[in-house]
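Protein chains in written order, with our numbering: chain A, 44 to 272; chain B, 44 to 272; chain C, 44 to 272; chain D, 44 to 272; chain E, 44 to 272; chain F, 44 to 272. Virtual Cβ for every residue (Gly too), placed ideally from N, Cα, C. Heads up: the structure comes next, in structure tokens.
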């Protein structure tokens, strides 16, 4: 059955804004190395960055009808997450849909497929993470669903989950864990700040992380390079 | 037989210049969603854009001899389209060939293979769409043909066809259909301008395109998100 | 056996600095079209460029422990070259490791895997050529080796070899051949300067390289484009 | 947190055995075109076929420790489903693990990674669907989880779901929907039997499915091939 | 405009049957190394082999409606050639369509997309060359065209051209050149028979093809392997 | 410089024949998980298996001239290992070259490129591991080298090294380590025989390998599946 779920529960905006301060790599680590979508998703312009609750779309290959349906379900601050049911690199999304989403205050798009009009999207400052850039048009013939759980680029996304994206890719933080992950991210960042300073002064990770003993136990051997080669 | 066709018929320059005002996505739509080359072809620098009649080259893998032959067949405003007879990511093209083409007024290169010297090509402003960047040198040993029909990145290109390329990829407009496609592009752009304005004001595509009835007929259901989960 | 070779012999710094003046494409040609790593290695920001002797790391998939070990073996001017023993696109390397390497004067990283924190690496100006950008964290559980010969993106790298990298990719110059390759690069560049000037004036490569006779012998035919078609 | 869930609820064996009579394509259709894992998963020998409830494993790249843990959670009739947390083509599984699973009556393996010993697995008749065959060994250093939901080759699998696999790939039927999907599969198969007979007698799908009117409405035109061309 | 061309001109059956005696590699060579479709097309069972005139189908991604339309245009001995307008690995074709084609005497299918029911297709002996096996269902919503020129797996196919396929892949022989290519294939095969016999007796290709002088001119050097290394 | 090294030192035939008794997976493990070529190399028919010293060929993309040169350097029991200097999937090798190699007693071919005539090669029983099957012909224009070190599918091969290949892929054993690796393989196989028997009786790897304590230390938790979910 094809269904549009309305009135979804979204992650707490204060938590979303808190997570927005941290990068994808930090948050992914802070939640136990989970939540990353696959590296095939790349931003269409460098420096793109966003955070917001997910409105999810499951739709057929090369058919973008359900994106039009999903626009109505979006509110300011949301991020649209689109996943076809079988692989497609067609251009599901361009500047007209972006204009429509921008008018509603949507922060950007994550799509496991292609997009087009990237020059316009870039000049609008509308960030997109996609697996392809392709001008190929799509049809509007077959239903899908909005705000159901979707698998996007190998990762699982529920409606209302926090989507974080930057130059390193896309990370999903489950709605109910978002507050805890924010705390863990703050803690991780604090620890890293101190480590960063020591590394910049020239201390070695081998010493900071106290690795030498364990390396020795595992049998690592140091030898001068032999004369012959 | 290996042949160089000379004195090819080219698309009307006025039509080419008209098409140059529209993006690849618009023109591809305006000609009925045909003519796109595959999304593996990417520009070597962002913002690259061109339009011009094709001079086509069919050549062997990792052998760029025929590009040297093709230069002589190019005139000001042309676009070189190069397709190997079997897959190759070698670097067929670099700044010396670009200098030679630029001296003749050629507008850019489309190649279903690799290029090199991309820093130089970028500073020359010589646009290239290729499927790889690779410094691998090529030989000059085996003949191919110039100005024959070629299949480039999955699309068919005849000599004299209009090549349009921008950040979204590459679109081919058949020479004899170019005037009609220009008109259709103008019409499409006009329609989109009005739609864009309405979307920017916050109207929904669902209403502008009158989709709600058809969605209902197909059986789309709206429901509030269930409490559990 | 897992071993760290210390006190490696490095290419002569004067030769390294000489080679740094030439691009990857030129040097690859100058040494007989050898030494290129595969085109899957791309710079994380445009314009990145480096030259330096290799410190090599062979390590397990998704385990970056040996990079921490390798940092200690690096000295100012070196380039770290990292190759997993089976394919991985995990993010082995980020801004903390970059800070540590930068503190030692290391010039950059070549890695046949993924990296993360690319925004930070870019603002630090720390150049990386990688096959993926991926925030996926790695473990520190299994040994590898430092300063052994490695196959990186299909090319062979010995510790102390010269690594050259730019927008066109990565080229390895064997340590003992570096001086000769530098001479050959200088000679090639000189020849190309003269050719470039002639091409810019509009002379054809067909004439400059004297190709017409050989093309005729091989059977190339010139014909005006037929009327029908 | 890394956890092994024990005593999972499994799909009803009678329903599993009923579904086993139908192919992946039929069942995928019968449940509304959902549940397919990606086409990169291929059987290691032709004719392989299985059905059974899933025991799921989430584990690190190139580390098969958790498969050893999962064996203990398997009972007769189960199917092991293994998904790494980042991409790996290492050989996680070979004939020793297969011997252990076969001793417990496990029906086969689905793995979004590599396997090895395929000659032995084939002669044992132990079916495996994998994305690679690779002899590369793995380590046993890092924990994962057993019987958590996993994303495998782009599809979502819960412990206890029905796994169906044959030459066409792998389909997952959610545990609680399995009985309904079985009924729908029976109905679909019955309909297809009658259609098959008519097609074999030479009737056209255009007539059986009554497509001609709809084709005409959409504007399909029939014309004799033009003489020139 | 979407059109079905009827009453196409087909290659002469006697020529088709003549070409059927030779393999794809031989015929591809005999027509000057042209006509091959890309190596991503693989047979669904080993030993598959066919020859026949092409009925071509251009259709949308993940929509197989036009295959149903094309069936009616097929006659005994034909080969169906299907190419989506943008990339798709969905399963466009299964045993019901095969039953329908087999009832009309069609010899097999070439498709630049996915197929399903491969166990059934194999037991029917209905040969298919495809780029994927995938159970993913398709829709019947959007028109395409039948018997127009198509680009399939990077090669150009006109309706009525001869399609040859075997374990080595797929080769297209243009209808009007088929008789000449048959003669050239016979000649090539005859030459090869004599060469084969000499090679089996232990003569070297270096001598049979008289390569030694040319190798020497190009500068090939023979040396005993050095002692060190 | 292009060179053919003659009179290479080959691994001891007794050791080669000893290694031939073990599979690629066993030998790869026995030599410390080194020596595997990449999983893109697949056998052209199931059950193919070989062992022998390598005669290596480095050659240009889509140019098989040096294979003809290499045939003369082969003796009975050898395995030909072919690696292009840049990526190619052309069909470098077919039944004529196989007939020539078979006449000299060569055991098979490893090639990081394409082959053709696979039906003939299969009926001859001439085993080939390649990354593609493609009928695309190659030229004979450009020199390469024979019996130099080559990188093949990401692995390093010296002339005279032992090549082992089976359904799991290809493993290289360095000539001077071959005797030691044979001993280690025998030892590994013996250990595995005893483990296999215990697993077949139903003992768990968790107990045989004594993993439970280490799993507990690392923090693995066992829990019954929760009721809700």
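Query	Result
DSSP beta-bridge partners for residue 135 (chain D)?	For residue 135 (chain D), which the question treats as bridged, DSSP gives no partner whatsoever.
With H, G and I counted as helix, E and B as strand and the rest as coil, what does DSSP make of residue 45 (chain C)?	coil
Could you compute how far the alpha carbon of residue 69 (chain B) sits from the alpha carbon of residue 208 (chain F)?	53 angstroms
What does residue 121 (chain C) reach in chain B if we use C-beta pairs closer than 8 angstroms?	Ordered by position in chain B, no residue passes the 8 angstroms Cβ test against residue 121 (chain C), which lies about 22 angstroms from the chain.
Report the residues of the stretch 120-143 of chain C with a CB closer than 8 angstroms to any CB of chain D, ordered along the chain.	128, 129, 130, 131, 132 and 133
Answer with yes or no whether the minimum CB distance from residue 171 (chain F) to chain B is below 7 angstroms.	no
For the alpha helix (DSSP H) holding residue 251 (chain E), just list the boundary residues, first then last.	248-251
Mind reading off the beta-carbon distance from residue 205 (chain C) to residue 218 (chain C)? Whole number of angstroms is fine, and I expect it under 8 angstroms.	7 angstroms
Can you say whether residue 74 (chain B) is buried or exposed, counting buried as having 16 or more other CB atoms within 10 angstroms of its CB?	buried
Just confirm the distance between the C-beta atoms of residue 125 (chain A) and residue 93 (chain A), as a whole number of angstroms; I'd bet it's less than 8 angstroms.	Rounded, the Cβ-Cβ distance is 15 angstroms, inconsistent with contact.
Just tell me which of B:263, B:243, B:189 and B:255 has its CA closest to the CA of residue 258 (chain C).	B:189
What's the gap between the Cα of residue 222 (chain F) and the Cα of residue 66 (chain F)?	16 angstroms
Quick one: is residue 53 (chain B) buried, meaning 16 or more other Cβ sit within 10 Å of its Cβ, or exposed?	buried
Do we get a CB-CB distance below 7 angstroms when we pair residue 248 (chain C) with the residues of chain B?	yes
Answer with yes or no whether the minimum CB distance from residue 60 (chain A) to chain D is below 7 angstroms.	no
Just to confirm my understanding: we take residue 160 (chain A), look at its own chain, exclude 5 residues before and 5 after, and list those with CB closer than 7 angstroms. What are they?	137 and 138
Would you kindly report the start and end of the unbroken alpha helix (DSSP H) that includes residue 110 (chain B)?	108-114
Between the Cα of residue 110 (chain E) and the Cα atoms of D:254, D:260 and D:269, which residue gives the shortest distance?	D:254
Residue 265 (chain C) to residue 196 (chain E), Cα distance in whole Å?	30 angstroms
Taking 8 angstroms as the limit between beta carbons, can you name the residues of its chain near residue 151 (chain C), skipping five residues before and five after?	91, 93, 95, 122, 123, 169, 170, 171, 172 and 208
Using the beta-carbon count (16 or more within 10 Å), is residue 106 (chain F) buried or exposed?	buried
I believe residue 213 (chain E) touches residue 102 (chain E) by the beta-carbon criterion, under 8 angstroms. Please report the beta-carbon distance rounded to the nearest angstrom.	The Cβ separation is near 18 angstroms, so there is no contact.
Thinking C-alpha only, which one of F:163, F:45 and F:51 is nearest residue 267 (chain E)?	F:51
Is the beta carbon of residue 71 (chain F) sitting closer than 7 angstroms to the one on residue 134 (chain F)?	no
Do you know how far the Cα of residue 156 (chain A) is from the Cα of residue 272 (chain D)?	At residue 272 (chain D), the pLDDT of 47 sits below 50, so the modelled position is not reliable and the matter cannot be decided from this model.
Under three-state DSSP, which class holds residue 216 (chain B)?	strand
By the three-class DSSP mapping on this structure, what secondary structure does residue 147 (chain F) have?	coil
Is there a C-beta anywhere in chain C that falls below 7 angstroms from the one on residue 272 (chain D)?	Because the pLDDT at residue 272 (chain D) is just 47, under 50, the model does not fix this residue reliably, and the point stays unresolved.
Using beta carbons (cut-off 7 angstroms, strictly below), is residue 197 (chain D) in contact with chain A?	yes
Name the two residues that bound the continuous alpha helix (DSSP H) containing residue 209 (chain D).	Note, residue 209 (chain D): premise wrong, no alpha helix (DSSP H); beta strand (DSSP E) at 205-209.
What residues of chain C sit near residue 49 (chain B), judged by a beta carbon separation below 8 angstroms?	265, 266, 267 and 268
By DSSP, does residue 226 (chain C) sit in helix, in strand, or in coil?	helix
Return the bridge partner residues of residue 199 (chain A) from the DSSP annotation.	A:194
Whose CA, out of C:187, C:164 and C:200, lies closest to the CA of residue 44 (chain C)?	C:187
For residue 67 (chain E), go through chain F and note every residue whose CB falls closer than 7 angstroms to its CB, in chain order.	178
Report the three-state DSSP secondary structure of residue 123 (chain F) (helix, strand or coil).	strand
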